[in-house]
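Shown next, in structure tokens, is the structure this report addresses.
Number of protein chains: 2
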Amino acid sequence: MAPSQPAAVRRATRPRDANETKERLLDAAERLFAERGFEGTSLRALTQEAGTSVSAANYHFGSKEELLRATLLRRVGPMNARRLERLDALERRAAGAPLPLEAILEAYLRPLFEEQEMRSHARFVAARLYSDPPELVSTLKQELFGEVSRRFLDALGRVFPERTRAELGLRFQFSVGSMVHVMSGNLQDAPHLEEPEVQREAAGELLSDASVLRELVAFLAAGLRAPLAATP
Amino acid sequence: MAPSQPAAVRRATRPRDANETKERLLDAAERLFAERGFEGTSLRALTQEAGTSVSAANYHFGSKEELLRATLLRRVGPMNARRLERLDALERRAAGAPLPLEAILEAYLRPLFEEQEMRSHARFVAARLYSDPPELVSTLKQELFGEVSRRFLDALGRVFPERTRAELGLRFQFSVGSMVHVMSGNLQDAPHLEEPEVQREAAGELLSDASVLRELVAFLAAGLRAPLAATP
DNA sequence: GTCTATATGTTGATAGAC
DNA sequence: GTCTATCAACATATAGAC
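As they're listed, the protein sequences go chains A and B.
First residue of the first sequence? That's 1 in my numbering, and the numbers climb one at a time after it.
First residue of the second sequence? That's 233 in my numbering, and the numbers climb one at a time after it.
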């Protein structure tokens, strides 16, 4: 049995729906880039996960690098749009008055916790922006986050009119750091979770999305409000 | 001149000092793993940077993975020792009383900013711990940071006796996130630095090591002190 | 649009001379 | 202890059949 088939029979080259293939490639890329990083993920492993071939990926995206780009663009764009929607809504309602600091932070953070598609994977991908090869993502960062950062810094500037933009920017970066760390999944292997009795308690409610978001907002708001450290 | 030498002459196989070679390999690994990550750095590029050969690296460390391990161990060990020294000194002087929160944070953070050898490279490497392949570094993380985290959480627990360890651990992770973000060099391409006039002002004093440390301590102390967010 | 087959380069690791 | 030479395995990307 199983003789070498005549060349003509090979296999029906079924032209699957192009968009579906693209989506499946993006899904696989998102998952694997998140888990293993860009360099740590081979196009072969990625396309196998997606149920296609290397050449299909290159047909659709041209190169591995462009695939990363597309992967990030698919999530970050909509996510930042939601952030700006929330900020816009707040500003409309406030009519010129400075916004409550907690509300600004929530507008920035909640979209990360909220959308189902975001939840499972894109957080990780967003985190990758801060650890993958800079020459790959640093222009993307500017491109993708330039407007959103400017808008939120403006809002913060109205809350703290006495601070310079540099001072605000530094605190903003501290905040982004906490956020990225959380999104990267570092809460799971936190040092205090070694002790098993604590593990149960913590896993229960405190580490739920809603709770982490609340705690993070409270933490960052207090940090941002802290008076500038005096130059000694 | 320069005829093809007889085989016997080839080149004097100069047995350089073994320790020096090892050090140079560690230096190169530190620099390149920091810049491009583990998977992004080839053993060839690394050994060329170190002025040796791939086989020398494998002779000394056995594998690329072990080289990463050694690279991290060289810096993180002494760094955490300095942290504990500082914490010990504080606790000796306090004689049982709770420590000032800012002092605890400084004991934890200052060693990152202080040692000359740390300054240029190891920060980056430490940051890598939070983005390189988890199966590679997550046990190392426990190994290297278990004790230090426990000790500092204990100290924080005495400052906030009313909080559970899980609550403290969560805030501690937020703090670690800010720290890692700063150490990863993300202050340099912060969003507000686009505007050129600000660039100069910021680069001047605010982004100096001493200033960033001060600001970070103030920020985190306030964040840690913030009352726990109420469960809605 | 998708495949198989292949071109071309690079990887980590090793063998063996010196 | 260090080198050169070489290995098999893997990488990304492309050509061409269907």
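Don't be surprised by glycine CBs; every beta carbon is placed ideally from N, CA and C.
With a cut-off of 8 angstroms on Cβ pairs, the stretch 99-109 of chain A is in contact with the stretch 70-90 of chain A, counting three or more such pairs.
No Cβ of chain A is located within less than 7 angstroms of the beta carbon of B:Glu281. A residue is called buried when at least 16 other Cβ atoms come within 10 angstroms of its Cβ; A:Gly223 meets this threshold and is buried.
Across the structure, A:Val148 and A:Arg93 are spaced so that their CA atoms are roughly 19 angstroms apart. Separation of B:Val444 and A:Ser53 (C-alpha to C-alpha, rounded to the nearest whole angstrom) is 48 angstroms. A contact between stretches requires three or more CB pairs, one per stretch, nearer than 8 angstroms, and the stretch 263-278 of chain B meets this requirement with the stretch 35-50 of chain A. In chain order, Leu333, Glu334 and Leu337 place their CB closer than 8 angstroms to the CB of B:Ala453, counting only its own chain and leaving out the 5 sequence neighbours on each side. Within chain B, the residues whose beta carbon sits less than 7 angstroms from that of A:Ser178 are Phe406, Gly409 and Ser410, listed in sequence order. Residue-level contact by beta carbon holds for B:Leu402 and chain A, with a gap shorter than 7 angstroms. In this structure, DSSP gives B:Glu367 a helical state, which the three-state scheme calls helix. For the 7 angstroms CB-CB criterion, B:Ala461 and A:Arg171 do not form a contact. Every alpha helix (DSSP H) stretch that sits fully inside the stretch 138-191 of chain A and reaches 4 residues is listed by chain position as 165-183.
The three-state reading of DSSP puts A:Ala89 in helix, counting H, G and I together. Chain-ordered, the chain B residues with CB closer than 8 angstroms to the CB of A:Tyr130 read Ser363, His413, Ser416 and Asn418.
Excluding its 5 nearest sequence neighbours in each direction, A:Glu205 has C-beta neighbours in its own chain below 7 angstroms: Ser211, listed in chain order. Interface residue (Cβ-Cβ distance to chain A less than 7 angstroms): B:Gly455 is classified as such. Around the beta carbon of A:Tyr59, a 10 Å sphere encloses fewer than 16 other beta carbons of the protein chains shown; the residue is thus reported as exposed. Taking 8 angstroms as the upper bound for CB-CB distance, A:Leu32 and A:Leu46 are in contact here, some 5 angstroms apart. The beta carbons of B:Ala282 and B:Ala260 sit closer together than 7 angstroms. At a C-beta separation below 7 angstroms, B:Phe265 has no neighbours in chain A, since its nearest C-beta there lies roughly 12 angstroms away.
By the neighbour-count definition (other C-beta atoms within 10 Å, threshold 16), B:Gln405 is a buried residue.
The Cβ-Cβ distance between A:Leu207 and A:Leu187 falls below 7 angstroms.
The beta carbon of A:Phe219 falls within 7 angstroms of a beta carbon belonging to chain B, placing the residue at that interface.
The alpha-carbon separation between B:Met311 and B:Phe377 amounts to approximately 10 angstroms. Listed along chain A, no residue sits closer than 7 angstroms to B:Leu258 by beta-carbon distance, the nearest being about 21 angstroms off. Under the Cβ criterion of 7 angstroms, B:Leu300 is not counted among the residues facing chain A. Short of 8 angstroms from the beta carbon of A:Glu162, and not among the five residues preceding or following it, lies no beta carbon of its own chain. In the three-state reduction of the DSSP assignment, B:Phe270 falls in the coil class. According to the DSSP assignment, A:Leu213 belongs to the alpha helix (DSSP H) that extends over Asp209 to Arg225. In this structure, B:Leu258 sits near B:Thr303, with a CB-CB distance shorter than 7 angstroms. By the criterion of a C-beta distance shorter than 7 angstroms, B:Phe392 is surrounded in its chain by Leu400, once the five residues flanking it on both sides are discounted. Around the beta carbon of A:Pro227, fewer than 16 other beta carbons sit within 10 angstroms, so the residue counts as exposed. The DSSP-derived three-state label of B:Glu252 is helix. Interface residue (Cβ-Cβ distance to chain B less than 7 angstroms): A:Arg214 is classified as such. Of all alpha-carbon atoms in B:Glu262, B:Arg383 and B:Thr371, the one lying nearest the alpha-carbon of B:Arg314 is that of B:Arg383. The beta carbon of B:Leu385 sits closer than 7 angstroms to the beta carbons of Arg397, Leu400, Gly401 and Phe404 from its chain, once the five residues preceding and following it are set aside; these are given in chain order.
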